[in-house]
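Structure first, then comments.
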Amino acid sequence: MSPKAPIDQDLIRELARLLDETGLTEIEIEQKGLRVRVGRQAPMMHASLPSPVHVAPHPVATPVPAALETQVDPMKHPGVVTSPMVGVAYMAPEPGARPFVDIGSVVKAGDTLLIIEAMKTMNQIPAPSAGTVIQILIEDGRPVEFGEPLMIIE
Amino acid sequence: MFDKILIANRGEIALRVLRACKELGIATVAVHSTADADAMHVRLADESVCIGPPAAKDSYLNIYALVSACEITGADAVHPGYGFLSENARFAEILAEHKIHFIGPRADHIRLMGDKIEAKRTARQLGIPVVPGSDGGVASDAEARAIAASIGFPVLVKAAAGGGGRGMKVAHSEAELGTALATARAEAKAAFGDDVVYLERVLGRPRHIEIQVLGDGKGHAIHLGERDCSLQRRHQKVWEEGPSPAINAGERDQIGETVAKAMRELKYLGVGTVEFLYEDGQFYFIEMNTRIQVEHPVTEMITGIDLILEQIRVADDAELAISQDDVKFLGHAIECRINAENPVSFRPSPGKILHYHPPGGLGVRVDSAVYQGYTIPPYYDSLVGKLIVHGKTRGECLMRLRRALDEIVVDGIETTLPLFRALVREPDIADGNYHIHWLERFLAEGGMEG
Numbered sequence: 004m005s006p007k008a009p010i011d012q013d014l015i016r017e018l019a020r021l022l023d024e025t026g027l028t029e030i031e032i033e034q035k036g037l038r039v040r041v042g043r044q045a046p047m048m049h050a051s052l053p054s055p056v057h058v059a060p061h062p063v064a065t066p067v068p069a070a071l072e073t074q075v076d077p078m079k080h081p082g083v084v085t086s087p088m089v090g091v092a093y094m095a096p097e098p099g100a101r102p103f104v105d106i107g108s109v110v111k112a113g114d115t116l117l118i119i120e121a122m123k124t125m126n127q128i129p130a131p132s133a134g135t136v137i138q139i140l141i142e143d144g145r146p147v148e149f150g151e152p153l154m155i156i157e
Numbered sequence: 036m037f038d039k040i041l042i043a044n045r046g047e048i049a050l051r052v053l054r055a056c057k058e059l060g061i062a063t064v065a066v067h068s069t070a071d072a073d074a075m076h077v078r079l080a081d082e083s084v085c086i087g088p089p090a091a092k093d094s095y096l097n098i099y100a101l102v103s104a105c106e107i108t109g110a111d112a113v114h115p116g117y118g119f120l121s122e123n124a125r126f127a128e129i130l131a132e133h134k135i136h137f138i139g140p141r142a143d144h145i146r147l148m149g150d151k152i153e154a155k156r157t158a159r160q161l162g163i164p165v166v167p168g169s170d171g172g173v174a175s176d177a178e179a180r181a182i183a184a185s186i187g188f189p190v191l192v193k194a195a196a197g198g199g200g201r202g203m204k205v206a207h208s209e210a211e212l213g214t215a216l217a218t219a220r221a222e223a224k225a226a227f228g229d230d231v232v233y234l235e236r237v238l239g240r241p242r243h244i245e246i247q248v249l250g251d252g253k254g255h256a257i258h259l260g261e262r263d264c265s266l267q268r269r270h271q272k273v274w275e276e277g278p279s280p281a282i283n284a285g286e287r288d289q290i291g292e293t294v295a296k297a298m299r300e301l302k303y304l305g306v307g308t309v310e311f312l313y314e315d316g317q318f319y320f321i322e323m324n325t326r327i328q329v330e331h332p333v334t335e336m337i338t339g340i341d342l343i344l345e346q347i348r349v350a351d352d353a354e355l356a357i358s359q360d361d362v363k364f365l366g367h368a369i370e371c372r373i374n375a376e377n378p379v380s381f382r383p384s385p386g387k388i389l390h391y392h393p394p395g396g397l398g399v400r401v402d403s404a405v406y407q408g409y410t411i412p413p414y415y416d417s418l419v420g421k422l423i424v425h426g427k428t429r430g431e432c433l434m435r436l437r438r439a440l441d442e443i444v445v446d447g448i449e450t451t452l453p454l455f456r457a458l459v460r461e462p463d464i465a466d467g468n469y470h471i472h473w474l475e476r477f478l479a480e481g482g483m484e485g
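First to last, the sequence lines map onto chains A and B. Quick note: the first sequence, position 100, residue 103 per my numbering, numbers continuous. Quick note: the second sequence, position 186, residue 221 per my numbering, numbers continuous.
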């Protein structure tokens, strides 16, 4: 189908440049009845050639941020709580029970946030400081590795 | 065959193991410390798990984290590489308790050869010639004096829990013996938690010649020839080659068969290396390493046998598919261990590799996990990689090594490449005329200066 108006190549080039500059994955604009979307493919997880800037694949599931409006790297937040061990994370003391914390929970330093099970032992993970849980980055029953961001407490 | 192998190591050996797994169609799990998140084998593995902070005791030596990583990834086997937990019998046992295969020997053989006194006793019982010395640990200084008098000075005081060149002190005369015993005991206690020591005669100018073995745990075992690892600095091997310039086919067959027969009697499982000092036509057993060794590529190049593949096969309960008659030795191979160290002072030089070009061509192999832009972390050993060269004759091999050493580029850090460029031009090395003290003498006499 031929477009009603000639393609505005300058606009597309400008959008592509903006994409690179800002690091966004997609820009869509609508002007004078014309909608243009410029997008970029996310990097492939299994590259055929290892590239020095590529991060190793994590099949231990990527974090699913809860209640997130902006794409902020959780590791950069001062209140991030990271996993001190390798194991499976459980959000409640036992299956079916209420989780230790929810979004909005107010905690004191030392309060149990979650359990990480490793080699059949349950390890209670304490809050490093007092505050409010503003993000929970993992789900119940998810394997976690050392250093993985679990929650953010402000 | 195993479905998924967790590689409990790092650096070039982790990449080496990964390569074998890929060729066998086995899924791979790379575990790493936070310092190794950018490692090449981590990128190439099917899965990766960060197991701890940089310190080895919290990551690569952290049995808890390693078993947990096996559980969350469903790995059914672990390859321990070399160093770290590769000769830790307890690790092998804990894995067995969790129904995970340990790719290595049985725990009791690891334990047996880990105790250097028991290892020597076992070797002697199996008909392997040993270095003359005390028959077991020395309980008192008086006993030590008596034994030393009978074997003759100088004597070496060695820690039973040591090995790999660690925990050894020389006493040149009876006057020095008391101090040597006390120091060796104190150091052994601190380093290995066990101060039992034994005595051995010091040989004058021996060569270090080791025999590679492979067993299936069912009574079948073969030898894969020798490697001459005499060029050492502070008991660390620097240059290894096979065949040894010092022995002939007859001697190889004889010592090889003696060792293989011993492994058959033990029902040894996996790869192992039986290490000897060789002097005046005599072999003297010093120790056995129950793991894959750094210098295994030398054997692979002259036999064409992939030792890691074979290790994995026999660990999976397979019978040895290679008979001694199948093993042929073709040509000559030399390996140079390139470290991130100043080539004169040997001061470590970790840091970013700005330019990297590995040499290529027929008969040139580079076993290294570095790449351009990679930063060598300061927390682990300083091995940049191994350059292994093969030729139809030792002469061709040396020429090829000289060419490869001139071609390789590792820029941005200091490396020991200049040392190898000097060695390959040394007449003694070209003649194969060296022994275990040669390299330190060469360095002490200013071989790298001027």
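Note that the Cβ used here is the ideal one computed from N, Cα and C, for glycine as well.
Closer than 9 Å by beta-carbon distance: list the chain A residues that pair up with residue i, in chain order.
| i | result |
| --- | --- |
| Ser403(B) | Under the 9 Å cutoff, chain A gives no residues; its nearest Cβ is about 14 Å from Ser403(B). |
| Thr69(B) | Phe149 and Gly150 |
| Ile107(B) | Val63, Val89, Gly90, Val91, Ala121, Pro146, Val147 and Glu148 |
| Val273(B) | Per Cβ cutoff of 9 Å: no residues; Val273(B) is ~29 Å from chain A at best. |
Out of the options, point me to the one whose CA is closest to residue i's CA.
| i | options | result |
| --- | --- | --- |
| Thr325(B) | Glu245(B), Val362(B) and Gln271(B) | Glu245(B) |
| Lys421(B) | Lys57(B), His331(B), Gln346(B) and Glu286(B) | His331(B) |
| Glu514(B) | Glu276(B), Ile107(B), Arg220(B) and Glu58(B) | With chain B covering only 36 through 485, there is no way to say anything about residue 514(B). |
| Ser384(B) | Gly447(B), Tyr409(B), Gly426(B) and Asp341(B) | Gly447(B) |
| Gln317(B) | Ile163(B), Thr157(B) and Ala404(B) | Ile163(B) |
| Pro140(B) | Val399(B), Ala457(B), Val294(B) and Gly250(B) | Gly250(B) |
| Tyr319(B) | Ala297(B), Val329(B) and Ile290(B) | Ile290(B) |
| Gly197(B) | Asp150(B), Thr218(B) and Glu261(B) | Asp150(B) |
| Glu31(A) | Gly144(A), Leu18(A) and Met88(A) | Leu18(A) |
| Val147(A) | Val52(B), Cys105(B) and Ala194(B) | Cys105(B) |
| Met103(A) | Arg40(A), Gln12(A), Val136(A) and Asp11(A) | Correcting the residue type first, residue 103(A) is Phe in the shown sequence and not Met. Nearest of Arg40(A), Gln12(A), Val136(A) and Asp11(A) to Phe103(A), Cα basis: Val136(A). |
| Val4(B) | Gly87(B), Leu53(B) and Glu58(B) | The shown model of chain B, from 36 to 485, leaves out residue 4(B), and the question about it has no answer. |
Check the Cβ of residue i against every Cβ in chain A and list those closer than 7 Å, keeping chain order.
| i | result |
| --- | --- |
| Tyr99(B) | Ala121 and Met122 |
| Leu87(B) | In the sequence as presented, Leu is not what sits at residue 87(B); that position holds Gly. Near Gly87(B) (Cβ distances below 7 Å), the residues of chain A are Phe149. |
| Ser358(B) | Going along chain A, no residue has its Cβ under 7 Å from Ser358(B), so there is no contact; the nearest lies around 39 Å. |
Starting from residue i, find everything on chain A with Cβ-Cβ shorter than 8 Å and list it in chain order.
| i | result |
| --- | --- |
| Ala112(B) | Going along chain A, no residue has its Cβ under 8 Å from Ala112(B), so there is no contact; the nearest lies around 17 Å. |
| Ser103(B) | Met88, Val89, Gly90, Ala121 and Met122 |
Rounded to whole angstroms, how far is the Cβ of residue i from the Cβ of residue j, which I believe are closer than 8 Å?
| i | j | result |
| --- | --- | --- |
| Ile152(B) | Tyr95(B) | Actually they are not in contact, since the Cβ atoms of Ile152(B) and Tyr95(B) sit about 28 Å apart, beyond 8 Å. |
| Val445(B) | Tyr391(B) | 6 Å |
| Ser132(A) | Ala112(A) | 5 Å |
| Glu475(B) | Arg268(B) | 6 Å |
| Gln138(A) | Pro77(A) | 7 Å |
| Gly150(A) | Cys85(B) | 5 Å |
| Val91(A) | Ile119(A) | 7 Å |
| Tyr414(B) | Ala90(B) | 7 Å |
| Leu117(A) | Met94(A) | 5 Å |
Could you spell out where the beta strand (DSSP E) holding residue i opens and where it closes?
| i | result |
| --- | --- |
| Lys224(B) | Segment Glu209 to Phe227 is the alpha helix (DSSP H) holding Lys224(B); no beta strand (DSSP E) there. |
| His390(B) | His390 to His392 |
| Gln407(B) | Counting along the chain, Gln407(B) falls outside any beta strand (DSSP E), and DSSP gives it neither H nor E. |
| Lys421(B) | Leu418 to Gly426 |
| Lys204(B) | Arg201 to Ala206 |
How far does the alpha helix (DSSP H) with residue i in it extend, from its first residue to its last?
| i | result |
| --- | --- |
| Phe126(B) | Ala124 to Glu132 |
| Leu101(B) | Ile98 to Thr108 |
| Pro152(A) | Per DSSP, Pro152(A) belongs to no alpha helix (DSSP H); it is in the beta strand (DSSP E), Pro152 to Ile156. |
| Pro462(B) | Pro462 to Asp466 |
| Lys151(B) | Lys151 to Gln160 |
| Arg269(B) | Neither: Arg269(B) is in no alpha helix (DSSP H) and is coded neither H nor E. |
| Ile290(B) | Ala284 to Leu301 |
| Ala181(B) | Asp176 to Ile186 |
Only counting the same chain, and skipping five residues up and downstream in sequence, which positions put a Cβ closer than 6 Å to that of residue i?
| i | result |
| --- | --- |
| His255(B) | Leu355 |
| Thr28(A) | Arg43 |
With a threshold of 7 Å on Cβ separation, who are the neighbours of residue i within its own chain once the five nearest residues in sequence on each side are excluded?
| i | result |
| --- | --- |
| Ile129(B) | Ile98 and Val102 |
| His207(B) | Phe188 and Pro189 |
| Thr293(B) | Gly162 and Ile163 |
| His144(B) | Leu301, Tyr303 and Thr325 |
| Ala179(B) | Val173, Leu212, Leu216 and Leu234 |
| Thr334(B) | Gln247, Leu259, Gly260, Arg262, Gly277 and Leu342 |
| Val109(A) | Thr135 |
| Asp13(A) | none |
| Ala55(B) | Asp341, Ile343, Leu344 and Ile347 |
| Leu21(A) | Ile30 |
Beta-carbon within less than 8 Å of residue i's beta-carbon, same chain only, minus the 5 sequence neighbours each way: which residues are those?
| i | result |
| --- | --- |
| Ala131(B) | Phe137 and Ala142 |
| Thr65(A) | Only weak support is given to the placement of Thr65(A): the predicted model assigns it a pLDDT of 38, under 50, and the value that follows is read from those uncertain coordinates. Nothing listed; no residue qualifies. |
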